[in-house]
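Student: Taking the UniProt record's numbering, the leading residue of the sequence shown gets 1, the next gets one more, and so forth.
Dropping the structure in here first, questions after.
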Amino acid sequence: DKHGPALPLAPALLELVSDCERHAALYRKLTGSILAGCIQVVLGQIEEHRRSQRPISVPFFDVFLHNLCRSSSVEVKEDKCWEKVQVSSNPHRASKLTDRNPKTYWESNGSTGSHYITIHIQCGVVVREMSMLVASEDSSYMPARVVVLGGDSPTDIRTELNAVTVLPSASRVVLLENMTRFWPVIQIRVKRCQQGGIDTRVRGIEVLGPKPTFWPIFKEQLCQRTFLFCSARVHAWCQEIHRDRGQLLQLFGKLNRALQHEQDFADRFLPDDEAARALGRTCWEALVTPVVQSITSPDPSGISPLAWLLGEYLGSAEPPRGDAFGSCVRRLTQLLVHVDPGGTEPEEAGAGGGKEGRKKETPGRVAVAVKSGGLWDMVRCWRGVVQQQVQRFLEMSGQAPDVVERYCALYRRLRGAMEELFGQQAAFVAALGQGFAGALLQLSFLTTLHVSEQFARYLDRKVQEL
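This is the structure we're talking about:
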């Protein structure tokens, strides 16, 4: 158009480009529709595989899943996520926040609590992760308390997205994870520095965007369907347990088979650890967490199914390791608190993602550590069982002349049972002590006087023996 008749082929070229754009748009729509249909077929096959336990025989099923989830660990990097970074002071040093050099830093200049970093996000980019780099060597300049706000414009930054306390030993602090909407402007406010410092130093800002694959769409659908399927199964299990407490002995086998099934599926069809961990988190939240909440909730008689089971375990005459009942109870409790039967206490099974060395009874990539809420339900249940055992002992033997020796023997027995059931997790060790203390606080005055006198004599003898 600029050169007019000098370029006689320009109109034809423009028409050709327009035709190509129309065809490209049509092909994009067709490809999207085909992929959507394929994803629905894949999800249907996965559900049928769970129900029937029959192998998936769809041609190229594994190839399709591999390509669908490929590059799921690749993120949109920093320079594609944000447009510009502004700071509250010393703007000439703002570039140090994004130079990817941990030895350089932006240093503020102002009053306490007035320091901020404003990040203008690229249009449409939903932040997957935002981190702040700090250094303990900065001493009083190191941030201690950070608040992250989001807004639709630089003049409207009001929504608090997160508040983070920075440990003095930290080097990389995650500020945001897995945001669900696009925020045009994100502001990091340093509210307090270590040791009461006034100005602050920040070594860098890292921003990761969404994954450039079809994996997020597939993951959402897969996790939703998995959660619904597992939740329905768990509901049926819990109903059986509340009707018959003895069904608790079958629970380990049911949970282990379900988790092992998902593990086998992940090993065969999911190409990387991010995909397997997403499935694992969903399975654990849908299977184990509701089970723990259900079996630690008291029934109309005031006793939870798990408390009953632990009481039966402790009440048996020290069952041998090979005893079927004791083995069932130990395997169940170890699975529920995610203690490896071999004695280790992993934070997250298979965090490295390798396929070697996985325990058959504790699926690796698909199993993740039990959430704190479920763990504390187990801890509270154990504390109550211990208190009940000690109260029963004191009622029967509180007036005995050798009550202290028996008391110590009871502690050793319960401590040994705790290690068999839950390993050596600190929370359960503390609950053991709290259970003993709670039982002592429930004693009558006369019994307390007698027990205290016996303990005083026992300690006096021990001191004299030294």
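Don't be surprised by glycine CBs; every beta carbon is placed ideally from N, CA and C.
Remember, it's a predicted structure, so these values are computed and weren't measured experimentally.
Where Arg393 and Leu335 are concerned, what is the direct C-alpha to C-alpha distance, given to the nearest angstrom?
Tutor: What sits at residue 393 in the sequence shown is Phe, not Arg. Approximately 30 Å, taken between the alpha carbons.
Student: Please go through the same chain and pick out, in chain order, the residues whose beta-carbon is closer than 7 Å to the beta-carbon of Trp308, but skip the five residues on each side of it.
Tutor: Contacts found: Arg245.
Student: In angstroms with no decimal places, state the Cα-to-Cα distance between Ser452 and Val288.
Tutor: Going by the C-alpha atoms only, they are around 43 Å apart.
Student: Between the alpha carbons of Gln454 and Val385, how many angstroms are there, rounded?
Tutor: Their Cα atoms are separated by approximately 25 Å.
Student: Does DSSP put Thr448 in a helix, a strand or coil?
Tutor: Helix at Thr448.
Student: Around the C-beta of Val219, are 16 or more other C-beta atoms found within 10 angstroms, so that it is buried, or is it exposed?
Tutor: Looking at the sequence shown, residue 219 is not Val but Lys. Lys219 should be labelled buried.
Student: Note down the Cα distance separating Thr200 from Ser171, rounded to an integer number of angstroms.
Tutor: Each residue's Cα considered, the two are about 14 Å apart.
Student: Indicate the three-state DSSP secondary structure (helix, strand or coil) for Tyr116 in the structure shown.
Tutor: Three-state result, Tyr116: strand.
Student: Rounded to whole angstroms, what is the Cα-Cα separation between Val379 and Gly438?
Tutor: Taking the straight line from one Cα to the other gives about 14 Å.
Student: Taking only three categories from DSSP, how would you classify Gln250?
Tutor: Reduced to three states, the DSSP call for Gln250 is helix.
Student: Bridge partners of Gly151, per DSSP?
Tutor: The partner list for Gly151 (beta bridge, DSSP) reads Ile157, Val185.
Student: Rank Leu251, Glu420, Leu414 by C-alpha distance to the C-alpha of Gly433 and give the top, closest one.
Tutor: For the residues Leu251, Glu420, Leu414, the minimum Cα distance to Gly433 belongs to Leu414.
Student: Quick check on DSSP: helix, strand or coil for Glu15?
Tutor: Three-state DSSP puts Glu15 in a helix.
Student: Identify the residues that DSSP records as bridge partners of Gly270: which are they?
Tutor: The sequence shown places Leu at residue 270, not Gly. Paired residues: none, contrary to the question.
Student: If you drop the 5 nearest sequence neighbours on each side, which residues of the same chain put their C-beta closer than 8 Å to that of His261?
Tutor: So the list reads Arg50, Gln53, once near-sequence residues are dropped.
Student: From which residue to which residue does the beta strand (DSSP E) around Gln86 run?
Tutor: Run containing Gln86: 82 to 87, per the beta strand (DSSP E) assignment.
Student: Since Gly209 is in the alpha helix (DSSP H), which residue starts that stretch and which ends it?
Tutor: Premise fails: Gly209 is in no alpha helix (DSSP H) and is neither H nor E.
Student: Can at least three beta-carbon pairs, one atom from the stretch 149 to 168 and one from the stretch 180 to 198, be found at a separation below 8 Å?
Tutor: Output reads yes: the stretch 180 to 198 touches the stretch 149 to 168.
Student: For Trp106, write down the residues that DSSP places opposite it in a beta bridge.
Tutor: The partner list for Trp106 (beta bridge, DSSP) reads Val202.
Student: If contacts are defined as beta-carbon pairs under 8 Å, then Ser139 and Ser114 qualify, I think. What distance do you get, rounded to the angstrom?
Tutor: About 20 Å; that fails the 8 Å criterion.
Student: Looking at C-beta atoms only, is the number of pairs between the stretch 227 to 247 and the stretch 263 to 276 that lie closer than 8 Å three or more?
Tutor: With the cut-off at 8 Å, the stretch 227 to 247 and the stretch 263 to 276 do not touch.
Student: Can you list the alpha helix (DSSP H) stretches of 4 or more residues lying completely in the stretch 362 to 436, in chain order?
Tutor: Listed in chain order, they are 372 to 397, 403 to 422.
Student: Can you tell me which of the three DSSP states Thr180 falls into?
Tutor: Three-state DSSP puts Thr180 in coil, outside helix and strand.
Student: Going by CA-CA distance only, name the one from Thr159, Gly209, Ile198, Asn90 that's closest to Arg128.
Tutor: When only C-alpha atoms are compared, the closest one is Gly209.
Student: Following the continuous beta strand (DSSP E) through Ser131, name the residue where it begins and the one where it ends.
Tutor: It spans 129 to 133 - the beta strand (DSSP E) in which Ser131 sits, taken as one unbroken run.
Student: Going by alpha carbons, who is nearest to Gln387 out of Leu375, Gly374, Leu410?
Tutor: Checking every option, the nearest Cα to that of Gln387 belongs to Leu410.
Student: So, Val134 versus Arg189, is the Cβ gap smaller than 8 Å?
Tutor: Their beta carbons are not under 8 Å apart, which means Val134 does not touch Arg189 by this criterion.
Student: Take Val390 as the anchor and find which of Gln442, Val291, Pro55, Val85 has the nearest alpha-carbon.
Tutor: Of the candidates Gln442, Val291, Pro55, Val85, the one whose C-alpha sits nearest the C-alpha of Val390 is Gln442.
Student: Per DSSP, what kind of secondary structure is Leu309 in: helix, strand or coil?
Tutor: Looking at Leu309 - three-state DSSP - the assignment turns out to be helix.
Student: Would Ile117 pass as a contact of Val164 if the rule is Cβ separation under 8 Å?
Tutor: It is not a contact, given that the beta carbons lie outside the stated cut-off.
Student: Are the CB atoms of Glu177 and Tyr141 within a distance shorter than 8 Å?
Tutor: No, Cβ-Cβ distance for Tyr141 and Glu177 is not below 8 Å.
Student: Can you check DSSP and say which residues form a bridge with Val174?
Tutor: BP columns for Val174 point to Ser131.
Student: Leaving out five residues on either side along the sequence, give the residues of the same chain with a beta carbon under 6 Å from the beta carbon of Pro154.
Tutor: Around Pro154: Val185.
Student: Going by beta carbon distance, what residues of the same chain come within less than 6 Å of Thr226, once the five residues before and after it are set aside?
Tutor: Excluding positions up to five away in sequence, the list reads Thr282.
Student: Whole angstroms are fine: how far does the CA of Gly196 sit from the CA of Ser231?
Tutor: Their Cα atoms are separated by approximately 49 Å.
Student: Does DSSP classify Asn101 as helix, strand or coil?
Tutor: Three-state result, Asn101: coil.
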